[in-house]
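Okay, structure first, notes after.
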Amino acid sequence: MFHHLVGIAYAIDKINKNSTLMPGVEIGALVFDYCDRPQRGEDQIYSFFSKENAVGSGLRIKPKSVLAAVTYGTEISKESSPIFDSLRVMQIASPIDRMDSDAFNDILYTAPSTLSQIQALLSILRKFNWMYVNIVYSNTDFGRSGYYQFAKEAKDSGVCLAHVVIVEPHSKREELLTNLQNGLNRDATIVVSLVDDDQVVQNMVEAIKLSSVLSKYVWIGTETWGNNPTVMNSLQDANFDAITLKLESHDMPDYKKFYESLTLWNHYPIPDAWFEEFWQQRFQCQLTNSNVKQMQYTSACNGKEQLSSDELSQNEHIYQTVKTIQSVTEGLHNYLNKKCPYGMAAMNIDDCGSDARVELQKEIQILLHGAYSDCEECSSSSTIFGYDVIQHSIYNNATNVRNQIGSWKDGLLFMEDNRIAFSSNSVPVSECKEDCGTCKSQIENKQSLLVSEEPIYANFQTVWGIIVTSLSILGILLVIICALYFLMSFPVTVGTTVLGYMILFGLLLLYAVNFAFVLSSTEGTCGIRRFGLGLAYAVIFSGMLVKVMNTWRLMGYNGSRILSDGTRLSSPAGLLVIAVGLVIIQIVLSSAWLILMPPKTGAYEQVWRCAPPTTFEEGLVVSLIYVMLLLAITTLFAILTWQCQDNNRESRWILACAILVAVVWMAWTILSTQLSPHYRDITIAAANLVNATIIMIFLYLRKVYLYSKLTRQARDHDLKAHLQPTSYTHSIYGSSQKTFSTLAPVLYGSQASLTTKKLYNGPSSRVELINCPEDNKSDSSGSVQVQATDLYPLDMYDGGSQFQPVTSLYGSNHTLVLDDTLTFRR
């Protein structure tokens, strides 16, 4: 970026020294350093134009005098676009990542997009009638996206793809040599390279030199070949023909002199801090008196270091920066002289009329597009610069020739036939000779061999989509029915019961998020996958964790925990707040991921997937690290509460769930990152179904079964008690008082200790407390005893349970007796 800054300074200096271009007007530039943080850059720009902060205070450049903005980087260009658009300030972007340069149509780009490169390559193939070619692409985002676009455009152009070779990043020369020799089709003498890694391209060129077989092909390279000085130098002694693209550029000797003249004492208008930081990094020395001292360098700078223009790289596109600033100034000059009523005397561009900025932008675009300004297809989203077409060949089998044989811009290819020369003294022929049926069907088939962007509901027509959808719907219905069952059976929610319903809600989310993996990849479904999966698991594991943590905390009270616990942590509100707080952490993490990396889609191995298409599952696993931590802590506390007998040993069942879920989790994280992209969504959806079903069976369906069984037993015993006669002892005072000779014990969903029991005979009416001895473990009537904790459907144990009997609140050996001799009036 520093060289771009020098380019801006050079262009401004050159313009202001030209007395005829803008006489009496000084051109300036305001540069913001956003430290590779697009949000910071957006804030700086907004503050400057709104004057809310002191960013622009004391500066000679005022907001109204800004005519155009040049942004470097894709993200900052997109973030700042709404601000410039609202102010009608022309925005010119020099994107570093050009995968989707045409996403914002109101931005003028200095460099072509990936699709533009593909179109340029196909234009060259059509020019020489090369309709049968090999493809070599790298296993990167650029390579896969480029291959998809090339295959799609090639079919429309009638170009047949013979063989396709994939090269991995960081491939060595020997690996490339073997891979290319074994993978290329001999009849297709043309090889199109879609490799974007500089070192891999360099290794590829060296491998081609070593092979007499590979040297017989004509190699067509992207701008990665043409813009890389190392590759271009390697091609000088190459023994094969090659045609490469190079971003439109021209030599600027004056700029080189300006760059070499910069010293520690003379670098105006570059700020001292920026220049001193660059100086230290460039010469790897330390400026002891600098405010931005680079402590990683031990040697001191002596001030005699000298910058050299040899270090300037074509890759940095300095020419585009200088040309852009010059075009903006010349466009202003033309507009003021032609269309502004005040001419050069205008104090501000807005003084020339309400449409002054729009008209000015048209003048600037005419200068930037040059001869292409009359192109009807060229719009504000067209790129300013195109490509130079460079040929490397062995002329007369002796001398290596490097010529610019044409140019490409805005979809138009211009070639100078008299400059074209091949080693064979004729244009090579590349056509299919054997087994051409596949090639013919490839061209004639209206359906692309690659999977195009499918309808969002396409997977619902597949077997796996139908199965996953059916099971997910069944799971959702099961969760709803289970929740309604418990709500009707136990309408009062107290204690950890609320956590049971929270886990049920998490299971509902987990079943529902599967639909995002069945639906085709779109920005919306990708966003739901990234946010919903972590949220669902966070809700489930947070509820389970708070349950076992509460069990562990209250185990220390040894049966008198209600009287000893002076806090409200065991109250429903307290438990819910803790669990929700744990969930909020995951929400913040997922939201930050979505904001910093908005969901997109991309092509990988003929499948449209969530971006980044090669590593989406890896990113998904990383985003769930916090959830994994919750699961690990839940397992730990479940082990610590292993001895707890409350709620039919629910902590043990939670431990079993945690272990099984961890096993499934390990399996899907490995499979989803290693399998073919065709099976990754299936793997994640299946894992979600298995995990949700495990938790449903172990924690909820088990409780439904126990409660229904014990309710049936109680009902049978109640019926038997009504059919048996009951003896009464008359009171000496004349009142009727029951004796308790044949009372049947029925326990209602509590976790009362074994020293406490409920006795009832007939319908509920009046509750009395009577004392029972400590060793009274069963009813004297010999009737069937019912385990109380088995009726506790959602809570592990007490801690404020809605199912807790009154007697347990006192920690004594009292027994509840139900007397049905009294009548109530309402």
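In this text, residue positions in the sequence shown follow our numbering: the first is 202, and each later residue adds one. Each residue gets a CB set at the ideal place from its N, CA and C atoms; glycine is no exception.
Exposure label - residue i; buried when at least 16 CB within 10 Å
i, result
"residue 559", "exposed"
"residue 474", "exposed"
"residue 428", "buried"
"residue 844", "exposed"
"residue 497", "exposed"
"residue 615", "exposed"
"residue 833", "exposed"
"residue 544", "exposed"
"residue 782", "exposed"
"residue 276", "buried"
"residue 447", "buried"
"residue 240", "exposed"
"residue 551", "exposed"
"residue 229", "exposed"
"residue 524", "buried"
"residue 375", "exposed"
"residue 499", "exposed"
"residue 394", "buried"
"residue 745", "buried"
"residue 291", "buried"
"residue 359", "exposed"
"residue 689", "exposed"
Three-way DSSP call (helix, strand, coil) for residue i in this model
i, result
"residue 520", "helix"
"residue 220", "coil"
"residue 665", "helix"
"residue 398", "coil"
"residue 605", "strand"
"residue 621", "coil"
"residue 810", "strand"
"residue 348", "helix"
"residue 589", "strand"
"residue 422", "strand"
"residue 453", "coil"
"residue 958", "Confidence at residue 958 is low in this model, with a pLDDT of 37, below 50, so the placement of that residue should be treated as unreliable; the coordinate-derived value is given next. DSSP places residue 958 in coil when its eight states are reduced to three."
"residue 448", "strand"
"residue 628", "coil"
"residue 174", "Absent from the model: residue 174. The displayed extent of the chain is 202 to 1027, so no value can be given."
"residue 235", "coil"
"residue 683", "helix"
"residue 436", "helix"
"residue 1042", "A question about residue 1042 goes unanswered here, because the residues of the chain that appear run from 202 up to 1027."
"residue 543", "coil"
"residue 508", "coil"
"residue 495", "coil"
"residue 310", "strand"
"residue 595", "strand"
"residue 513", "coil"
"residue 363", "strand"
"residue 230", "coil"
"residue 412", "coil"
For residue i, the residue or residues it bridges with in DSSP
i, result
"residue 616", "607"
"residue 802", "811"
"residue 373", "Answer by DSSP bridge pairing: none, since residue 373 is not bridged."
"residue 339", "368"
"residue 273", "295"
"residue 393", "336, 421"
"residue 487", "501"
"residue 443", "420, 593"
Would you call the stretch 698-712 and the stretch 735-744 in contact, with 3 or more CB pairs under 8 Å? yes
Decide if the stretch 227-246 is in contact with the stretch 280-288; the criterion is three or more beta carbon pairs, one per stretch, under 8 Å apart. yes
Evaluate the contact criterion for the stretch 348-365 versus the stretch 481-496: three or more CB pairs, one atom per stretch, below 8 Å. no
Of all the alpha helix (DSSP H) runs that stay within the bounds of the stretch 546-574, which reach a length of 4 or more residues? 557-570
Check whether the stretch 289-296 and the stretch 324-344 are in contact - that is, three or more C-beta pairs closer than 8 Å. no
Could I get the ranges of all uninterrupted alpha helix (DSSP H) runs contained in the stretch 827-913, with 4 residues as the minimum, in chain order? 847-875, 878-896
The stretch 880-894 touching the stretch 774-789, judged by at least three CB pairs closer than 8 Å: no
Let me know the alpha helix (DSSP H) ranges lying completely inside the stretch 688-752, each 4 residues or longer, listed in chain order. 698-719
For the stretch 870-878 against the stretch 806-820, are there 3 or more C-beta pairs whose distance is under 8 Å? yes
Quick check for students: name the residue ranges of the beta strand (DSSP E) that lie wholly in the stretch 461-485, counting only runs of 3 or more. none
With three or more C-beta pairs closer than 8 Å as the rule, is the stretch 400-411 touching the stretch 433-442? yes
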